[in-house]
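> One structure follows; several queries about it will come next.
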Amino acid sequence: MPELPDLEVFKRYLDSTSLHQYIEKTEVKSGKVLGSVSVGGLKRGLEGRKFESTRRHGKHLFVELDDGGWLLLHFGMTGGLKYYKDVGEAPTHTRVLFYFANGRHLAFDDQRLFGKVDLIGDPDHFIAEKKLGLDPLDLDFRAFRGRLEGRKGGIKATLMNQQILAGIGNIYSDEILFQARLHPRTSVARLDGDALHNLHEQTRRVLHAAIERGADPGVLPDSFLLSHRREGEDCPRGNGKIQKTKAAGRTAYYCPACQPEG
DNA sequence: AGTACCACCTGACGGC
DNA sequence: TGCCGTCAGGTGGTAC
10 MPELPDLEVF KRYLDSTSLH QYIEKTEVKS GKVLGSVSVG GLKRGLEGRK FESTRRHGKH
70 LFVELDDGGW LLLHFGMTGG LKYYKDVGEA PTHTRVLFYF ANGRHLAFDD QRLFGKVDLI
130 GDPDHFIAEK KLGLDPLDLD FRAFRGRLEG RKGGIKATLM NQQILAGIGN IYSDEILFQA
190 RLHPRTSVAR LDGDALHNLH EQTRRVLHAA IERGADPGVL PDSFLLSHRR EGEDCPRGNG
250 KIQKTKAAGR TAYYCPACQP EG
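Using the working numbering, you'd call the opening residue of the first sequence number 10 and step up by one each time.
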């Protein structure tokens, strides 16, 4: 699940459950999700500390410790968080487990092991090093246009490029392009000012709507493509049947009538 | 700069 | 029922 809206939901969840409590113990159940930090390094860095605040940038979640260090969480394709009391409630694919002094636990769950848990010195340094683009929710139209202007690629690939905009993935790029009525392979260079303006509007509208609904595609409005994102389904506008195609190396769903190619 | 393909993993699903 | 290919909301490397 984890694209920008999911990450925002994870951030709020962590904020409302896991801040300001001593971390008594950290257990690494799969070292594969660790970045550069070792198992011992993670334990030494976290045990006896507290989580004090969080920051989200695109698909990355940064958790500030009470000694100034930062925990970095990236959720890959299948990652998530669960805060719980009883051991039996642990999610199936718990990879890292934080034990708080109040007896509660926070699990970093990730079936496919593409997620990452790491310790870093400073989020801004990390963002600069990875050359991550700006978070689309932080961008006004001028800045948004500035990020896209001069690009030669397809619009779906561009929206999903984390070095251009940070946070949009395969699912939400499909939704944004449906709302903006753009075919996923439309060349960015062909978009005029009005098209860019509309794309910016739809990007913000889609991401905010998803966050408001807890990033649960099941409760999105019926007017959203995501409620109909299967080949042959009716387009929510009643204009045709949803088709799939390839764009940016991923499967893209779209309505050929609403989003004509070319 | 942009794209296509592969790899990293686990699991669900459809076809036979 | 069981096996097999394919695909899945991410990212990084390589090659063209």
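For each residue, glycine too, the CB sits at the ideal point set by N, CA and C. Remember, predicted model here, so these are calculated numbers, not experimental data.
Tell me where the alpha helix (DSSP H) around Phe19 begins and ends.
From DSSP, the alpha helix (DSSP H) with Phe19 extends over Leu13 to Thr26.
> Which residue marks the beginning of the alpha helix (DSSP H) containing Ile185, and which one marks its end?
Unbroken alpha helix (DSSP H) run through Ile185: Asn179 to Gln188.
> Could you check the C-alpha separation between His114 and Trp79 for me, to the nearest Å?
One C-alpha to the other measures close to 19 Å.
> In terms of alpha-carbon separation, which member of Ser39, Glu33 and Gly258 lies closest to Gly124?
Comparing Cα positions, the closest option is Ser39.
> Rank Asp75, Leu81 and Gly227 by C-alpha distance to the C-alpha of Lys68 and give the top, closest one.
It is Leu81 whose Cα lies nearest to the Cα of Lys68.
> What are the boundary residues of the beta strand (DSSP E) that Ala256 is part of?
Segment Gln252 to Ala256, the beta strand (DSSP E) holding Ala256.
> Sort Gly159, Leu174 and Leu70 by Cα distance to Phe135 and report the nearest one.
Nearest C-alpha to Phe135: Leu70.
> Gly178: beta carbon under 7 Å from a heavy atom of the ligand GDP?
Summarising the ligand content, the structure contains no ligands, and the ligand GDP is consequently not present.
> Thinking C-beta only, is Phe84 closer than 8 Å to Val72?
In this structure, Phe84 does not lie closer than 8 Å to Val72 by Cβ.
> Here's the rule: buried if 16 or more other CB atoms are within 10 angstroms of the residue's CB, otherwise exposed. What is Ser27?
Buried, because 16 or more other Cβ atoms sit within 10 Å of the Cβ of Ser27.
> Along the chain, which unbroken stretches of the alpha helix (DSSP H) at least 4 residues long are found entirely within the segment 201–257?
Within the segment 201–257, the complete alpha helix (DSSP H) runs of at least 4 residues are 202–221.
> Answer with buried or exposed for Thr167, where buried requires no fewer than 16 other C-beta atoms within 10 angstroms of its C-beta.
Result: buried.
> Kindly indicate which three-state DSSP category Leu51 falls into: helix, strand or coil?
Helix at Leu51.
> Could you give the DSSP three-state label for Phe71: helix, strand or coil?
DSSP places Phe71 in strand when its eight states are reduced to three.
> Tell me whether Gly54 is buried or exposed, calling it buried when 16 or more other Cβ atoms sit within 10 Å of its Cβ.
It is buried - the Cβ of Gly54 has at least 16 other Cβ atoms within 10 Å.
> On the CB-based measure, 16 or more other CB atoms within 10 Å of its CB, does Ser25 come out buried or exposed?
The residue is exposed, with fewer than 16 neighbouring Cβ atoms inside 10 Å.
> Which residues does DSSP list as the beta-bridge partners of Asp118?
Asp118 pairs with Gly89 and Thr103.
> Closest by CA to Gln252, which one among Arg246, Pro265 and Pro245?
Taking only the C-alpha atoms, the option nearest Gln252 is Pro265.
> Less than 8 Å separating the beta-carbons of Leu174 and Gly202?
Cβ distance not < 8 Å, so Leu174 and Gly202 don't count as in contact.
> By DSSP, does Ala266 sit in helix, in strand, or in coil?
Three-state result, Ala266: coil.
> For Glu184, I'd like the list of residues in its chain whose CB is within less than 7 Å of its CB, leaving aside the five on either flank, ordered along the chain.
Counting only Cβ-Cβ distances below 7 Å, and skipping sequence neighbours, we find Val215, Phe233, Leu234 and Leu235.
> If you drop the 5 nearest sequence neighbours on each side, which residues of the same chain put their C-beta closer than 7 Å to that of Gln268?
So the qualifying residues of the chain are Leu186, Phe187, Arg190, Leu191 and His192.
> Residues in its own chain within less than 8 Å of Ser56 by CB, not counting five upstream and five downstream?
Residue 56 is actually Glu in this sequence, not Ser. Ile32, Glu33, Lys34 and Thr35.
> Keeping to the same chain, check which residues put their C-beta closer than 8 Å to that of Pro145; ignore five residues upstream and five downstream.
Contacts found: Leu13, Phe153, Leu174, Ala175, Gly176, Ile177, Thr212, Arg213 and Leu216.
> What first and last residue would you give for the beta strand (DSSP E) that runs through Leu157?
Not the beta strand (DSSP E): Leu157 falls in the alpha helix (DSSP H), residues Phe150 to Leu157.
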